[in-house]
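**Student:**
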Amino acid sequence: ARREALMPFFWQVIARQGQLFGNQLKGSVAQVTNGKMFSYPGYNELLTGWSDPTIRSNAKIPNRNVTVLEWLHRKPAFAGRVAVYSGWNVMPFIVNGARAGFPVMGGWEPLPVKPRNAREELLNDLIAETTPVTNAAEVFDSFVFHAGVEHLRNARPRVMMWSFLEPDQWGHQGRYDWLLDSTHRVDDYVRRLWELTQSMPEYAGKTSFVITTDHGRGSSPVEWKSHGVTINGAENIWMAFLGPDTPALGERADSATVTQSQIAGTIAALLGEDYSAAAPRAAPPITEVRSSRN
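When the letters of the sequence shown are read in order and numbered with our numbering, they come out as residues -13 to 280.
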């Protein structure tokens, strides 16, 4: 009842119509493989399908690795129809937006599209005129959500990544109250995105959501505030899948271990593409989340 009150869409819809991995009390394990348990290595793993040991920090270094997003964007069917909207100013480097060639929102920078409509111009003004408060690297999730919705409505991308960051940020600040508030809000953003896509002919009945996290966190009275190699349990994550191709198996129990490195291949598989064949280092997709008839 408590988890459903915190994340009603997650537990009332995804947990019944989709699949969830990561509840170890039920024998479902989802983990990172990069050994770092922080953001850049985590995003690289989930977007490329493999762990790069040379990525040792969150520095703004363009990723030498090609992500599944860039790989898809190179295909004619996806060219000009991929986008990333994130609150973090390192994300444009993780996905190497300059090389990849698709729009990437990251941090407190102007929105990555032109021309902009009136709502996007207003969002630009608000981003420029809002005090960052505690973190100059991460813009608030509300800006990410509304900017991304405008792009979704205007550009109709085939593949879109959203990265909400406030729950992690408020966790680092030790603000458990704000962590709960922002988690509840992100769950509602996911609900609104799902309902929006189901109201649009281009997406209704043929859209899949893949939801996960770049790392885990500690679970003790102190370590819940952080993550990394010194934090026990930070390797444990969760994954959620919802869409017409995903059998409604709900919260998984006694299932095989799944890894963050399988996300890239799974995204491609849900789009009917074989990423693992093109990227031999990438982990295979999670077969259970895609019906064998598709």
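Positions of the beta carbon are idealized from the N, C-alpha and C atoms, including for glycine. In this text the structure is predicted, and so the values were computed from the model without any measurement.
Could I get the ranges of all uninterrupted alpha helix (DSSP H) runs contained in the stretch 101 to 148, with 4 residues as the minimum, in chain order?
**Tutor:** DSSP runs (the alpha helix (DSSP H)) wholly in the stretch 101 to 148: 104 to 115 and 127 to 141.
**Student:** Candidates Val81, Lys12 and Trp57: which alpha carbon is nearest Lys46's?
**Tutor:** That would be Val81, whose Cα lies nearest to the Cα of Lys46.
**Student:** According to DSSP, Asn222 sits in a beta bridge with which residue or residues?
**Tutor:** Answer is Gln17, bridged to Asn222.
**Student:** Whether or not the stretch 199 to 211 and the stretch 174 to 185 are in contact is what I'm after, with contact meaning three or more pairs of Cβ atoms, one per stretch, closer than 8 Å; do they touch?
**Tutor:** Cβ pair count under 8 Å is below three, so no.
**Student:** In chain order, what residues of the same chain have a beta carbon less than 6 Å from the beta carbon of Ala254, not counting five sequence neighbours either side?
**Tutor:** Hits under 6 Å: Val54 and Tyr261.
**Student:** For my contact list, His59 and Val70 are in at a C-beta cut-off of 8 Å; report their separation, rounded to the angstrom.
**Tutor:** 10 Å between Cβ atoms; not a contact.
**Student:** Between Pro118 and the rest of its own chain, which residues show a CB-CB distance below 7 Å, the 5 nearest in sequence each way excluded?
**Tutor:** Result list for Pro118: Trp94, in chain order.
**Student:** Starting from the Cα of Lys61, find the closest Cα among Val145, Trp164 and Glu181 and give me that residue.
**Tutor:** Nearest C-alpha to Lys61: Val145.
**Student:** State yes or no: is the C-beta of Asn44 within less than 8 Å of the C-beta of Ser25?
**Tutor:** Closer than 8 Å, so yes.
**Student:** Applying the criterion that 16 or more other CB atoms from any shown protein chain within 10 Å of the CB defines a buried residue, is Leu108 buried or exposed?
**Tutor:** Answer is exposed; the Cβ neighbour count stays below 16.
**Student:** Say whether the stretch 223 to 236 touches the stretch 264 to 271, bearing in mind that this needs 3 or more beta-carbon pairs closer than 8 Å, one atom from each stretch.
**Tutor:** Output reads no: the stretch 264 to 271 does not touch the stretch 223 to 236.
**Student:** May I ask you to report which of helix, strand or coil DSSP gives Thr40?
**Tutor:** Thr40 falls in the coil class under three-state DSSP.
**Student:** Check whether chain B comes within 8 Å of Tyr162, counting only Cβ atoms and requiring the distance to be less than that.
**Tutor:** Absence of chain B from the displayed structure is noted, only one protein chain being present.
**Student:** Could you tell me if Ser277 is buried or exposed, where buried requires 16 or more neighbouring beta carbons within 10 angstroms of its beta carbon?
**Tutor:** Exposed, because fewer than 16 other Cβ atoms sit within 10 Å of the Cβ of Ser277.
**Student:** Select from Ser14, Asp167 and Gly13 the residue whose C-alpha is nearest the C-alpha of Met(-7).
**Tutor:** Among Ser14, Asp167 and Gly13, the Cα nearest to that of Met(-7) belongs to Asp167.
**Student:** Given that a residue counts as buried once 16 or more other Cβ atoms are within 10 Å of its Cβ, and exposed if not, what is Pro27?
**Tutor:** Buried: at least 16 other Cβ atoms inside 10 Å.
**Student:** With 16 as the cutoff for other CB atoms within 10 Å, does Asn30 come out buried or exposed?
**Tutor:** Answer is buried; the Cβ neighbour count reaches 16.
**Student:** Among the candidates Phe(-5), Met91 and Val18, whose CA atom is the shortest distance from the CA of Ala269?
**Tutor:** Answer by Cα proximity: Val18.
**Student:** Run through the DSSP bridge pairs and tell me what Phe7 is partnered with.
**Tutor:** Answer is Met225.
**Student:** Roughly how many angstroms separate the alpha carbons of Glu274 and Met147, rounded to a whole number?
**Tutor:** The straight-line gap from Cα to Cα measures roughly 22 Å.
**Student:** State the Cα-Cα distance for the pair Gly191 and Leu228, rounded to the nearest angstrom.
**Tutor:** Taking the straight line from one Cα to the other gives about 11 Å.
**Student:** Within the same chain, show all residues whose beta-carbon is closer than 6 Å to that of Pro78, passing over the 5 residues directly before and after it, in chain order.
**Tutor:** Within the same chain, Pro78 has close Cβ partners Val90 and Gly92.
**Student:** Would you give the residue range spanned by the alpha helix (DSSP H) that Tyr26 belongs to?
**Tutor:** Per DSSP, Tyr26 belongs to the alpha helix (DSSP H) from Ser25 to Thr34.
**Student:** Can you check whether the CB of His158 is closer than 8 Å to the CB of Ser212?
**Tutor:** Yes, they are a contact pair.
**Student:** Going straight from the alpha carbon of Asn51 to that of Thr116, what length do you get?
**Tutor:** Roughly 34 Å separates the two Cα atoms.
**Student:** With distances taken between CB atoms, is the gap from Glu106 to Phe126 smaller than 8 Å?
**Tutor:** No, the pair does not count as a contact, with Cβ atoms beyond the cut-off.
**Student:** Give the single residue among Ser247, Glu136, Glu56 and Glu(-10) whose Cα lies nearest to the Cα of Arg2.
**Tutor:** Among Ser247, Glu136, Glu56 and Glu(-10), the Cα nearest to that of Arg2 is on Glu(-10).
**Student:** State yes or no: is the C-beta of Asn222 within less than 8 Å of the C-beta of Gly8?
**Tutor:** In this structure, Gly8 lies closer than 8 Å to Asn222 by Cβ.
**Student:** What separation, rounded to the nearest whole angstrom, lies between the Cα atoms of Gly258 and Gly251?
**Tutor:** For Gly258 and Gly251, the distance between alpha carbons rounds to 10 Å.
**Student:** Are the Cβ atoms of Ser247 and Ser37 separated by less than 8 Å?
**Tutor:** Yes, these two residues count as a Cβ contact at 8 Å.
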